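Chains as they are written, first to last, in this note's numbering: chain A, 929 to 1194; chain B, 99 to 380.
Single-structure report; data block below.
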Amino acid sequence: MHLQVSQLYKQFKTRQGSLVALKDINLHIDSGECICAVGASGSGKSTLLRLIAGLDTPTAGEVLVDGVRVTGPGPDRGMVFQSYTLYPWMSVAENVGFGLQLQGLAKPERRQRVSYYLEVVGLSEFGKALPKELSGGMKQRVAIARALASQPKILLMDEPFGALDVQTKEAMQQFLLQVWRRTQTTILMITHDVEEAVFLSQRIYVLSSRPGTIKQELTIKLPSDRPDQIKRHPAFQDYKDQVMGLLRAEEKCQLRSNLQELPMVV
Amino acid sequence: MNRYAENLPKNSVSRPQKMLPPTIFWGMAEEIPKNLAWLLMALSICVPFLLWWIVSNSGLIQPLFLPTPAQVWGAFQKLLASGDLQKDITYSLFRVLSGFFLVALISIPLGTLMGTFASIRALMEPIIGIVRYMPAPAFIPLLILYFGLGEIPKILLIFIGTLFFNTLMVMDAVKFVPKELLETTFTLGGKRKQVLLQVIFPFILPAIIDACRVNMAASWNLVIVAELVAATEGLGRRISVAQRFLKTDEIFAGLIVIGLIGLIIDLLFRLLLHLSCKWAKD
Chain A
929 MHLQVSQLYK QFKTRQGSLV ALKDINLHID SGECICAVGA SGSGKSTLLR LIAGLDTPTA
989 GEVLVDGVRV TGPGPDRGMV FQSYTLYPWM SVAENVGFGL QLQGLAKPER RQRVSYYLEV
1049 VGLSEFGKAL PKELSGGMKQ RVAIARALAS QPKILLMDEP FGALDVQTKE AMQQFLLQVW
1109 RRTQTTILMI THDVEEAVFL SQRIYVLSSR PGTIKQELTI KLPSDRPDQI KRHPAFQDYK
1169 DQVMGLLRAE EKCQLRSNLQ ELPMVV
Chain B
99 MNRYAENLPK NSVSRPQKML PPTIFWGMAE EIPKNLAWLL MALSICVPFL LWWIVSNSGL
159 IQPLFLPTPA QVWGAFQKLL ASGDLQKDIT YSLFRVLSGF FLVALISIPL GTLMGTFASI
219 RALMEPIIGI VRYMPAPAFI PLLILYFGLG EIPKILLIFI GTLFFNTLMV MDAVKFVPKE
279 LLETTFTLGG KRKQVLLQVI FPFILPAIID ACRVNMAASW NLVIVAELVA ATEGLGRRIS
339 VAQRFLKTDE IFAGLIVIGL IGLIIDLLFR LLLHLSCKWA KD
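This is how it looks when you write it as structure tokens:
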């Protein structure tokens, strides 16, 4: 698997005129990587993910998956949103198997895969439960299992843990690393949480805001086995500071340019 | 002491802070105790009935205009014994059910399509928006002119009177389907047709049943209107005949039967909703 984003440019038309959400985005992701794109709000990070998923079309530039240009959504690029987008009338098992059903997979194989991925996310006992009976973290695990069940080339995640409380969030980060190691899925996650990004990634893309561009690419050289304690390790802190520094410089820059735009009041 | 604090208005002394007093009856968006709920619901039926009983028995109003509950009960039993009531109910129900069946057959797919596709909505919404404001009973003369006095004009009246409202209500239900749920389905390999039939439709099914429940009430009203104007049988016809012979007790019996049947239909729809969409509860 090789994902290539080249010269991606996205412009939105608003009432105030056109807004450049993304400019000159170049990035690549290879098989088995877990990559985070970090940026403040307004950096167009969600837009970037939607363009890769094929849910939006770029104004210019292209996204290539294994050399094939993305023109629309497909099961090779699984997606997990921040809001738990489960089908409320389906049981957990039906939710996980729905993608396979849509793709016309035979029932016995479907059942087999559903039970495997339910086991991967630790929800084997909840197959018959309805989404409304689950906690936020469990719902998100179902959404991840559902995306993984289609065995996508890449799993795209848009701030998947943004709505969870701190404890659940940490547990889910550990959980995601486990799933990633076990299934060897390629992951691209969007987040504004710097600690989360450093904890999960082999590489980080730091995005600037308005227009969203890639400010820096950072390789995180931490062991792939990452216990929670690693967050207190000096090397981890250094990475975190480095990313924070980039985002902070960005913010100051923004603030100054905004101030300059303000009319002078005497 | 902080020197700024002295200059602040002494709010707590001069004007005591008022708190919202506790309440049970006037709680907003809150449940009331079960017992109180049952009591109020019983009052809602019993008080009007009691008032009717007192006024009609007091002799203040002639029985010709306001029959007593006992007289109405007598009229009801007489109608039942002669078999007229059963026949009238059957006719009225048949008209409503066949009219509303046609409405459901067209409005559910059309409303779903209009809600899903902005293109279909742009194509259909203006014309529906206009026709919807034409009162259905105003079509009666035209329907009689075209189709005579048989069953067709009555069924068509119900059709015209509820089709557009039901379509628009189904259409509105689609608005509540989260866009991300559709997008998730696309990334799971769903085709547009699959998303329409397997995601949008099941999601709005509870809202469809509810829309049908509301518009069924309108259909039930319209069938009575149609029968008042022109019919040889039916509950509406029964009332207009009774008026001609000054049988006020029969009019009252007819009205109560119409109300009760409407209530039963409403309850059946609620039961259907409860049984078919357990996931949508609370």
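Ideal placement from N, C-alpha and C gives every residue a C-beta, glycine not left out.
Keep in mind the model is a prediction, meaning the values are calculated, not measured.
Answer with buried or exposed for residue i, where buried requires no fewer than 16 other C-beta atoms within 10 angstroms of its C-beta.
i         : result
A:Lys1097 : buried
B:Thr282  : buried
B:Arg113  : exposed
A:Gly1027 : buried
B:Phe123  : exposed
B:Pro213  : Strictly speaking, residue 213 of chain B in this sequence is Gly, with Pro absent from that position. Looking at its Cβ environment, which holds 16 or more other Cβ atoms inside 10 Å, B:Gly213 is buried.
A:Cys1181 : exposed
A:Ala1018 : It is Met, not Ala, that sits at residue 1018 of chain A in the sequence shown. So A:Met1018 ends up on the buried side.
A:Ser974  : buried
B:Pro146  : exposed
B:Ser217  : exposed
A:Ser969  : exposed
A:Val996  : exposed
A:Ser959  : exposed
Would a check of beta-carbon distances place residue i closer than 8 Å to chain B?
i         : result
A:Ser1078 : yes
A:Tyr1044 : no
A:Arg997  : no
A:Gly972  : no
A:Leu983  : yes
A:Ile1152 : Residue identity check: residue 1152 of chain A is Ser in the sequence provided, not Ile. No, no contact with chain B.
A:Met929  : no
A:Ser1011 : yes
A:Arg1005 : yes
A:Tyr925  : Look at the range of chain A in this structure, 929 to 1194, and you will see that residue 925 of chain A is not part of it.
A:Gly1002 : yes
A:Tyr1167 : no
A:Tyr1015 : yes
With respect to the beta strand (DSSP E) encompassing residue i, which residues constitute its N-terminal and C-terminal limits?
i         : result
B:Met269  : Counting along the chain, B:Met269 falls outside any beta strand (DSSP E), though it belongs to the alpha helix (DSSP H) covering 249-272.
A:Glu990  : 988-993
A:Ser1136 : 1131-1136
A:Val1070 : Here A:Val1070 belongs to no beta strand (DSSP E); instead the alpha helix (DSSP H) covers 1064-1077.
A:Asp1004 : Looking at the DSSP string, A:Asp1004 is not in any beta strand (DSSP E), and its letter there is neither H nor E.
A:Cys962  : 962-966
B:Leu333  : Here B:Leu333 belongs to no beta strand (DSSP E); instead the alpha helix (DSSP H) covers 333-342.
B:Ile298  : Premise fails: B:Ile298 is in no beta strand (DSSP E) and is neither H nor E.
On the three-state DSSP scale, how would you describe residue i?
i         : result
A:Leu931  : strand
A:Gln1031 : coil
A:Ser946  : strand
A:Gln1010 : coil
A:Lys1143 : strand
A:Val1265 : Limits of chain A in this structure are 929 at one end and 1194 at the other, which puts residue 1265 of chain A out of reach.
A:Met1117 : strand
B:Gln115  : coil
A:Asp1153 : coil
B:Asp308  : helix
B:Gln160  : coil
A:Leu976  : helix
A:Leu1128 : helix
Any beta-carbon of chain A closer than 8 Å to the one on residue i?
i        : result
B:Trp136 : no
B:Val297 : yes
B:Pro300 : yes
B:Trp124 : no
B:Trp377 : yes
B:Met99  : Because B:Met99 sits at a pLDDT of 49, beneath the cut-off of 50, its placement in the model cannot be relied upon, and the point is left open.
Under DSSP, the alpha helix (DSSP H) around residue i begins and ends at which residues?
i         : result
B:Thr210  : 182-214
A:Thr985  : Looking at the DSSP string, A:Thr985 is not in any alpha helix (DSSP H), and its letter there is neither H nor E.
B:Ile356  : 346-374
B:Met139  : 132-156
A:Leu1084 : Looking at the DSSP string, A:Leu1084 is not in any alpha helix (DSSP H); the run it does join, the beta strand (DSSP E), is 1082-1086.
B:Pro120  : That residue, B:Pro120, is in no alpha helix (DSSP H); it is neither H nor E in DSSP.
A:Ala1099 : 1094-1111
B:Leu241  : 238-245
A:Phe1089 : Careful: A:Phe1089 lies outside any alpha helix (DSSP H) and carries neither H nor E.
A:Val1049 : Premise fails: A:Val1049 is in no alpha helix (DSSP H) and is neither H nor E.
B:Lys291  : 290-293
Let me check you understand the geometry: is the CB of residue i closer than 7 Å to at least one non-hydrogen atom of the ligand GDP?
i         : result
A:Gly1025 : This structure lacks the ligand GDP, and indeed carries no ligand of any kind.
Of the residues that make up the segment 1046-1078 of chain A, which ones have a beta carbon closer than 9 Å to any beta carbon in chain B?
-> Correct list: Leu1058, Pro1059, Lys1060, Ala1071, Arg1074, Ala1075, Ala1077, Ser1078.
Under 8 Å (Cβ pairs) to chain A, residues found in the segment 268-291 of chain B | Cβ contacts with chain A come from Pro276, Glu278, Leu279, Glu281, Thr282, Thr283, Phe284, Thr285, Leu286, Gly287, Gly288, Lys289.
Residues of the segment 1017-1037 of chain A with Cβ closer than 7 Å to any Cβ of chain B, in chain order | Residues Trp1017, Phe1026, Gly1027, Leu1030, Gln1031.
Scan the segment 1096-1116 of chain A for residues whose Cβ lies nearer than 8 Å to a Cβ of chain B and list them as they occur along the chain.
-> Correct list: empty, as no residue qualifies.
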